[in-house]
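Going from the sequence shown to the working numbering is simple: count from 1 and add 308. Even for Gly, the Cβ is constructed at its ideal location relative to N, Cα and C. Bear in mind the structure is a predicted one, so any value in this text is a computation, not a measurement.
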Amino acid sequence: MKKYPLSPDDQRLAAMLKALGNPIRFRIMHILAENKQCITGDIVELIDLAQSTVSQHLKVLREAGLISGEIEGPATCYCLNDDGIRWMKSKIESWLPECCPTPEHRRFVVNHKHGFSG
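Given below as structure tokens:
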């Protein structure tokens, strides 16, 4: 069987998708998308988990390149990392057409295979 080692880009994408695979982190991403930026304490109140738990989830999202945090006095202000999210979106879009053709493309292939025109 042929081996398919992951490229650095594939490893980065896998880390991003893994980070998003956790329901709490997915919810944090929604909160940041709706609020543009939040301090840790605001996120803790919205999710109703211990600050240490929320901080750990924020760390995973930050390390995956999905969010960024800026220290503002005693608090850290988090926001979505637009560059990271754009990169992830472009990588997903680059391989989705190969695995998930559009309905129009499927009809074309079926019609072509069976000799139909149009």
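(1) By the DSSP assignment, the beta strand (DSSP E) with P377 in it spans what residues?
(2) Please look up how many angstroms separate the CB atoms of I332 and L366, rounded, as I've assumed it's under 8 Å.
(3) On the three-pair Cβ rule with 8 Å, is the segment 395-405 touching the segment 353-364?
(4) Just verifying my parser: in three-state terms, what is the DSSP assignment at A383?
(5) Are the CB atoms of L340 and C387 nearer to each other than 9 Å?
(6) Please state whether the Cβ-Cβ distance between C385 and I393 is less than 9 Å.
(7) Going by DSSP, which residues form a beta bridge with L388?
(8) Take L374 as the anchor and find which of G349, H338, A383, G381 has the nearest alpha-carbon.
(9) Give me the DSSP bridge partner(s) of I393.
(10) Which first and last residues belong to the alpha helix (DSSP H) in which P313 is found?
(11) With distances taken from CA atoms, which of L325, S315, N389, N419 is nearest C346?
Straight from the coordinates:
(1) Looking at the sequence provided, one finds Gly at residue 377 rather than Pro. Segment 375-380, the beta strand (DSSP E) holding G377.
(2) About 10 Å; that fails the 8 Å criterion.
(3) Contact fails between the segment 395-405 and the segment 353-364, because fewer than three Cβ pairs, one in each stretch, are under 8 Å apart.
(4) Of the three classes helix, strand and coil, the one that applies to A383 here is strand, per DSSP.
(5) L340 is a Cβ neighbour of C387, given a cutoff of 9 Å.
(6) Going by C-beta atoms, C385 is not nearer than 9 Å to I393.
(7) Paired residue(s): I375.
(8) Nearest Cα to L374 within the set G349, H338, A383, G381: H338.
(9) None, per the DSSP bridge assignment.
(10) P313: not part of any alpha helix (DSSP H); DSSP gives it neither H nor E.
(11) The shortest C-alpha separation from C346 is found at N389.
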